[in-house]
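Contents: one structure, followed by commentary.
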């Protein structure tokens, strides 16, 4: 599992390399990104004209460039550089509190003038690369509890900084990535299931202690309200439960074939807050309907399946861990985002990969997919 034993090929690319590209994975990503444009335009046209879709179009082009860049950069070089990337990202996460830009009570962005950089999004990829290197330096798989917890220890520092912003959703994504990667590194599945159940029970007990005994939690009051509204959204239909209730109405009103792009009343009349970011899936359900929503789900299923294939057939442990980390990151975000729009997951501000409006997330996700495509190339040994 030593990363240092991996020999790097040169960068010359043969013509047959093109035939080895995972076009299924690439196609799924490109289709989702292109679909995001009409959906975002529909979600924002009534209030912002074409401003958001024009900006998203530029971001999509930038994401294509990052996807290509990730494909041609040797993923093992990125893994080797990960300690420096980890340290640099921690600096950015701390800098957010001093020079960051606040939006709706959260300080997550560093304004660069032409672009708002979100270090917490970069942290997702950095954690994947860093944990891949960490696992490759170990002689044995993480089978003991100490070995397993050591993975989470490296996630705890950036996770605490991100939670402080506050950003509960991204913090949960980091720990989901860690769980997936420790599993791909060889940790026993039974121990990880036991750990997940124990964490869920502990979180439930702490939440109950907070609600009935005033026990302090590292969460804002509105975050606690969002979690509790999952169990009874109708208790406060005009407050904490409003977003989820309106989202469920939108998805249900799409029926079988949908109302058509730009014709969703819940969307166009702004009944759904943040419908172009966290709640873009509500627009999908209302305007595309059940049948076409299944097609969108099919694209995500194809994307995740190809990532799984890349992980289990990677040429080395580093490749398996990087692909497994990207799979864990996207799977968790897809499940949580779709779940919260349907009222079966708490609202945590997790965007829907490749469909939600946003710059840093789209760029980071695209570069991550590029690294997985690079892993597929190495598997076929076509770079010499």
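In full-length UniProt numbering, the protein residues as written are 1 to 384. Using N, Cα and C, we set each Cβ at its ideal position, and we do this for glycine too.
Pull up the CB-CB distance for residue i and residue j, whole angstroms please, since I reckon it's below 8 Å.
i, j, result
"residue 347", "residue 243", "6 Å"
"residue 66", "residue 356", "Going by Cβ atoms, the distance from residue 66 to residue 356 rounds to 17 Å, so no, they are not a contact pair."
"residue 277", "residue 358", "6 Å"
"residue 73", "residue 127", "About 18 Å; that fails the 8 Å criterion."
"residue 162", "residue 155", "Actually they are not in contact, since the Cβ atoms of residue 162 and residue 155 sit about 10 Å apart, beyond 8 Å."
May I ask you to report which of helix, strand or coil DSSP gives residue i?
i, result
"residue 385", "Since the displayed the chain opens at 1 and closes at 384, residue 385 lies outside it and no answer follows."
"residue 360", "helix"
"residue 313", "coil"
"residue 103", "strand"
"residue 50", "coil"
"residue 345", "coil"
"residue 246", "helix"
"residue 175", "helix"
"residue 33", "helix"
"residue 378", "helix"
"residue 144", "coil"
"residue 97", "helix"
"residue 354", "coil"
Which residues share a DSSP beta bridge with residue i?
i, result
"residue 117", "110"
Pull up the distance between the alpha-carbon of residue i and that of residue j, whole angstroms please.
i, j, result
"residue 256", "residue 38", "20 Å"
"residue 186", "residue 262", "48 Å"
"residue 363", "residue 173", "17 Å"
"residue 219", "residue 203", "12 Å"
"residue 107", "residue 91", "15 Å"
"residue 9", "residue 21", "Because residue 9 carries a pLDDT of 40, less than 50, the predicted location of this residue cannot be relied on, and no value is offered for it."
"residue 327", "residue 264", "32 Å"
"residue 181", "residue 251", "33 Å"
"residue 88", "residue 30", "30 Å"
"residue 94", "residue 302", "37 Å"
"residue 11", "residue 377", "Because the pLDDT of residue 11 is 42, which lies under 50, any placement of that residue in the model is unreliable, and the number read from its coordinates should be weighed accordingly. Spanning the two alpha carbons is a distance of roughly 12 Å."
Kindly indicate which residue of the options has the alpha-carbon position closest to the one of residue i.
i, options, result
"residue 310", "88, 368, 47, 294", "368"
"residue 232", "245, 223, 79", "245"
"residue 316", "145, 150, 290, 372", "372"
"residue 196", "179, 209, 374", "179"
"residue 222", "349, 79, 46", "349"
"residue 189", "130, 269, 125, 148", "148"
"residue 341", "230, 319, 295, 322", "230"
"residue 59", "305, 122, 34", "34"
"residue 299", "52, 56, 345, 353", "353"
"residue 133", "322, 57, 336, 295", "322"
Quick check: is any heavy atom of the ligand MG less than 6 Å from the C-beta of residue i?
i, result
"residue 203", "Inclusion of the ligand MG in the displayed structure is not the case, the ligand content being empty and no account of it being possible."
Is there a C-beta anywhere in chain D that falls below 7 Å from the one on residue i?
i, result
"residue 75", "No chain D appears in the structure shown, which is made up of a single protein chain."
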